[in-house]
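Numbering (the UniProt record's numbering), first residue to last: 1 to 170. From the three backbone atoms N, C-alpha and C, an ideal C-beta is built for every residue, glycine too. Computed from a predicted model, the values in this text were never measured in an experiment. Below: the structure, in structure tokens.
So, in structure tokens, the structure goes:
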């Protein structure tokens, strides 16, 4: 049986897939339209979501803050102006990296120590960090729904309960 946090991570991917599916139904310009919101565009929001997921995977893997910062900076430059399709591909590749990492873990409740130059020491389990990744994605998918609304389009329902209904029918 899968660990509940892995199921939540699968929900995170399901919700991102739903979001990309909805975005593909809309005119191309919706993706890059500048708006007054938390981020200047849907593309910028998705880039932030992706880069944050990279940060937390690296963190859980024990990569140093400095190395992660460098990697994320390079990724940000590389992906700043990519198409929605290319961004979706990056999310899929990152999902595979997460899946590979999770498959090697024996204990998701293992407590690890993470050091941040500003915030200090964090003692957290993999479960807590996975839950953070999922929660962060949920928050920003909500931002994107609001951004779609600003442009006259509806979002797509990505509440956890819809995921439960969908996977429960399979």
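Q: Go ahead and pull the three-state DSSP assignment for residue 124.
A: Strand at residue 124.
Q: Check whether the Cβ atoms of residue 160 and residue 8 sit closer than 9 Å, and answer yes or no.
A: Contact annotation: residue 160 and residue 8 have beta-carbon atoms nearer than 9 Å.
Q: Determine the closest residue to residue 4 out of 96, 103 and 130, with distance taken between C-alpha atoms.
A: Restricting attention to 96, 103 and 130, the CA atom closest to the CA of residue 4 is found in 130.
Q: For the stretch 107-165, list the beta strand (DSSP E) runs that are entirely contained and at least 3 residues long, ordered along the chain.
A: Runs of the beta strand (DSSP E) inside the stretch 107-165: 111-116 and 120-125.
(Q) For the alpha helix (DSSP H) containing residue 33, name the first residue and the last one. (A) Neither: residue 33 is in no alpha helix (DSSP H) and is coded neither H nor E.
Q) Can you tell me the Cα-Cα spacing of residue 14 and residue 23, whole angstroms? A) CA-CA distance, residue 14 to residue 23, rounds to 14 Å.
(Q) If the criterion is Cβ atoms closer than 9 Å, does the pair residue 126 and residue 60 meet it? (A) The answer is yes: Cβ separation under 9 Å.
Q. Can you tell which of 158, 168, 164 and 167 has the C-alpha that lies nearest to the C-alpha of residue 17?
A. Residue nearest to residue 17 within the set 158, 168, 164 and 167 is 158 (criterion: CA-CA distance).
**Q.** Cα-Cα separation between residue 97 and residue 34, rounded to whole angstroms
**A.** Each residue's Cα considered, the two are about 31 Å apart.
Q | Pick from 72, 45 and 43 that is closest to residue 57, judged by C-alpha positions | A | Out of 72, 45 and 43, 72 has the C-alpha closest to the C-alpha of residue 57.
**Q.** Inter-stretch contact at 8 Å, needing at least 3 Cβ pairs: the stretch 135-154 / the stretch 26-44
**A.** The answer is yes - the stretch 26-44 touches the stretch 135-154, with three or more Cβ pairs under 8 Å.
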